[in-house]
Amino acid sequence: MKAVRHHRFGPPEVLVLEEVPDPAPGPGQLLVRVAAAGINYADVLMRGDAGPSARFRPVIELPVTPGLEVAGTVLSAGPDTDTALVGRKVTAFVPNGGYAELALVPAAGAVPVPEGLDDNRALALLSQGATAVGVIDAAALTAEDTVLVEAAGGGIGSLLVQLAVAAGATVVAAASSEAKLDVARRFGAHRVVNYSEADWAGQVGPVTVVLETVGGKTATEALQLLSGPRPRIVLYGFASGTPAEYTAADLFAAGATLIPFSLGRNPELLPDLNRRALDLGTAGRLSPVIGDVRPLAEAAAAHRSFEDRTAVGKIILTP
Ligand SMILES: NC(=O)c1ccc[n+]([C@@H]2O[C@H](COP(=O)([O-])OP(=O)(O)OC[C@H]3O[C@@H](n4cnc5c(N)ncnc54)[C@H](OP(=O)(O)O)[C@@H]3O)[C@@H](O)[C@H]2O)c1
């Protein structure tokens with residue numbers, strides 16, 4: 002089969018399409034013909050020379066086929082594995098190996114694609130949908146809140162805007178380009194701000210909640226915006242590669258509660274979060290933005306689009 006691999010960490014161009022042996026499912030595994038492989042920003046961070054965020058990277062043996070989630074048809078089940086899903090379309094997390102024609106999927110985590118959702122949208126609601134629902138749970142938004150959504154045109158951010166609007170909060174969407182801000186406007190953000198402008202924080206005004214995923218200087222500036230009776234930050238990433246640099250003293254001075262949210266550290270939350278994201282998607286109440294669908298051979302260009310920040314919404318590779 003064909004699979005994208007990288008033999009060293011480095012720029013997007015380390016990703017190459019190669020011929021590799023077909024995988025065979027072991028006990029507890031399903032063999033899936035991949036129709037869509039999702040790109041998560043985590044893939045980009047794991048492929049690169051990780052810089053300040055290196056210590057958060059799992060141990061990865063090279064060469065590796067990246068890709069943490071797939072949608073596709075189950076071809077067969079391994080020994081002693083339930084065959085009920087053979088022939089069905091599923092989405093699933095994979096430990097890696099998603100950017101390929103065939104993938105081995107843990108049977109316990111395979112989720113049938115619901116009627117009414119296509120492969121791409123079901124995939125966009127897997128990791129990113131579950132994360133978005135989990136972040137909103139952690140924020141416990143009410144109609145009294147004004148919430149700053151960072152990276153609001155991204156895969157998760159565009160879902161967060163929708164969920165925060167549905168929770169009745171006043172939503173300030175921040176992103177680095179007009180194309181991304183347009184996505185947020187389309188989903189009902191009450192205000193938008195381009196945080197690549199030097200005075201962006203001055204344009205936002207006070208907020209009660211920050212959904213923090215950029216890190217570095219942006220995180221520090223966002224902290225300064227917190228105000229009101231129950232200010233809080235839900236910290237779920239650092240896309241700039243530099244974690245937030247505020248200290249416990251800074252949080253104390255702001256009277257802010259810091260709520261970290263990590264799906265990776267809390268996998269027990271996944272089945273419920275994923276089901277809720279899919280239910281919302283099926284009901285038409287959560288609409289993933291499919292920004293780009295590219296062939297496997299263009300994996301490097303797809304990763305590049307995250308690094309130059311032109312990627313909007315969910316980016317998918319298709320064999
Ligand atoms: N906690 C969890 O369980 C969990 C799970 C999955 C993902 N995540 C995190 O959630 C975030 C969003 O993930 P995603 O997969 O949906 O990706 P994404 O939002 O589609 O892409 C990453 C976003 O980060 C922003 N960004 C800020 N600084 C950047 C920089 N220096 N280089 C590149 N991008 C930069 C970009 O938006 P702008 O250009 O508008 O700034 C971009 O849209 C990531 O930080 C990811 O690591 C967390």
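Residues 2 to 320, numbered by this note's numbering, are exactly what the sequence shown covers, in order. Backbone N, C-alpha and C define an ideal beta-carbon position, used for all residues, glycine too.
Exercise. How long is the line joining the alpha carbons of Val134 and Arg277, rounded to whole angstroms?
Worked result: Here residue 134 corresponds to residue number 133 of the sequence shown, with the count starting at 1. Here residue 277 corresponds to residue number 276 of the sequence shown, with the count starting at 1. The straight-line gap from Cα to Cα measures roughly 8 Å.
Exercise. Between Pro115 and the rest of its own chain, which residues show a CB-CB distance below 6 Å, the 5 nearest in sequence each way excluded?
Worked result: As a working note, residue 115 is residue 114 in the sequence shown. Contacts found: Leu279 and Thr283.
Problem set entry | Collapsed DSSP secondary structure at Gly203 in the structure displayed | Position 202 of the sequence shown holds residue 203. Three-state DSSP puts Gly203 in a helix.
For this session: With a 10 Å radius around its C-beta and 16 neighbouring C-beta atoms as the bar for buried, classify Gln225 as buried or exposed.
Result: In the sequence shown, counting from the first residue as 1, residue 225 sits at position 224. Under this definition Gln225 is an exposed residue.
For this session: Give every residue of the same chain whose Cβ lies closer than 6 Å to the Cβ of Ala139, excluding the five residues on either side of it in the sequence, and list them in chain order.
Result: For the purposes of this step, residue 139 is taken as the residue at position 138 of the sequence shown. Excluding sequence neighbours, Ala139 sits near Val235, Ile260 and Phe262.
For this session: Return yes when at least one heavy atom of ligand 1 lies under 6 Å from the C-beta of Leu226, else no.
Result: Translated into the one-based positions of the sequence shown, residue 226 becomes position 225. No.
Problem set entry | Same chain only: Cβ atoms within 8 Å of Pro296, ignoring 5 sequence neighbours per side | Taking the first residue of the sequence shown as position 1, residue 296 is located at position 295. The residues are Leu318, Thr319 and Pro320.
Problem set entry | Simplified DSSP state of Phe188, which is helix, strand or coil | Within the sequence shown, residue 188 is the residue found at index 187, counting from 1. Residue state, collapsed to three classes: coil.
Exercise. With C-beta atoms as the reference, is Val208 less than 7 Å away from Leu149?
Worked result: Taking the sequence shown and counting its residues from 1, the one referred to as residue 208 is at position 207. Taking the sequence shown and counting its residues from 1, the one referred to as residue 149 is at position 148. Yes, the pair counts as a contact, with Cβ atoms nearer than the cut-off.
Exercise. What residue ranges within the stretch 31–78 form continuous beta strand (DSSP E) runs of no fewer than 3 residues, ordered along the chain?
Worked result: 70–78
For this session: Compute the beta-carbon to beta-carbon distance between His304 and Pro13, rounded to the nearest angstrom, for a pair I have assumed lies under 8 Å.
Result: Along the sequence shown, one-based indexing puts residue 304 at 303. Along the sequence shown, one-based indexing puts residue 13 at 12. Right, their Cβ atoms sit about 4 Å apart.
Exercise. Are the beta-carbon atoms of Phe94 and Gly110 separated by less than 7 Å?
Worked result: Within the sequence shown, residue 94 is the residue found at index 93, counting from 1. Within the sequence shown, residue 110 is the residue found at index 109, counting from 1. Contact flag set, yes.
Problem set entry | 8 Å CB neighbourhood of Val193 in its chain, flanking five on each side removed | By 1-based counting over the sequence shown, the position of residue 193 is 192. Excluding positions up to five away in sequence, the list reads Ala153, Val173, Ala174, Ala175, Ala176, Leu182, Ala185 and Arg186.
Problem set entry | Rounded separation between Glu62 and Thr147 - CA only | Position 61 of the sequence shown, counted from the start, is the residue given in the question as residue 62. Position 146 of the sequence shown, counted from the start, is the residue given in the question as residue 147. Roughly 43 Å between the two C-alpha positions.
For this session: Could you check how far apart the C-beta atoms of Arg48 and Val15 are, in whole angstroms? I think they sit under 8 Å.
Result: Taking the sequence shown and counting its residues from 1, one reaches residue 48 at position 47. Taking the sequence shown and counting its residues from 1, one reaches residue 15 at position 14. Correct: roughly 7 Å between the Cβ atoms.
Problem set entry | N- and C-terminal bounds of the beta strand (DSSP E) containing Phe94 | Numbered from 1 along the sequence shown, position 93 holds the residue referred to as residue 94. Lys90 to Phe94 is the span of the beta strand (DSSP E), which, as asked, contains Phe94.
Problem set entry | Cα-Cα separation between Ala131 and Gly292, rounded to whole angstroms | Walking along the sequence shown from the start, residue 131 turns up at place 130. Walking along the sequence shown from the start, residue 292 turns up at place 291. About 19 Å.
Exercise. What are the boundary residues of the alpha helix (DSSP H) that Asp120 is part of?
Worked result: Numbered from its first residue, the sequence shown carries residue 120 at position 119. Unbroken alpha helix (DSSP H) run through Asp120: Asp120 to Ala125.
For this session: With Gly238 as the anchor, note down where its beta strand (DSSP E) starts and where it stops.
Result: Position 237 of the sequence shown holds residue 238. Neither: Gly238 is in no beta strand (DSSP E) and is coded neither H nor E.
For this session: Mind listing, in chain order, the continuous beta strand (DSSP E) runs of no fewer than 3 residues lying wholly within the stretch 245–310?
Result: 258–261 and 291–296
Problem set entry | DSSP state of Ala314 mapped onto helix, strand, coil | Within the sequence shown, numbered from 1, the residue matching residue 314 stands at position 313. Note that residue 314 corresponds to Gly in the displayed sequence, not to Ala. Note: Gly314 maps to strand in three-state DSSP.
Problem set entry | Residue range of the alpha helix (DSSP H) that includes Val15 | Residue numbering aside, residue 15 sits at position 14 when the sequence shown is read from its first letter. Per DSSP, Val15 belongs to no alpha helix (DSSP H) and is neither H nor E.
Exercise. So does Phe262 have its beta carbon nearer than 6 Å to some heavy atom of ligand 1?
Worked result: For the purposes of this step, residue 262 is identified with residue 261 of the sequence shown, where counting begins at 1. At least one heavy atom of ligand 1 is nearer than 6 Å to the Cβ of Phe262, so yes.
Exercise. Bridge partners of Gly176, per DSSP?
Worked result: Start at 1 with the first residue of the sequence shown, and residue 176 comes out as number 175. The question names Gly, but residue 176 in the sequence shown is Ala. DSSP lists Asn195 as partners of Ala176.
Exercise. Based on the DSSP output, what are the partners of Leu103 in its beta bridges?
Worked result: Numbered from 1 along the sequence shown, position 102 holds the residue referred to as residue 103. The partner list for Leu103 (beta bridge, DSSP) reads Arg34.
For this session: Check whether the Cβ atoms of Ala104 and Val35 lie closer than 7 Å to each other.
Result: Sequence index remark: in the sequence shown, residue 104 carries index 103 (1-based). Sequence index remark: in the sequence shown, residue 35 carries index 34 (1-based). Yes, these two residues count as a Cβ contact at 7 Å.
For this session: Go through its chain and collect everything with a Cβ distance to Val65's Cβ below 7 Å, but skip five positions before and after it.
Result: Your numbering for residue 65 matches position 64 in the sequence shown. The residues are Arg6, His7 and Asn97.
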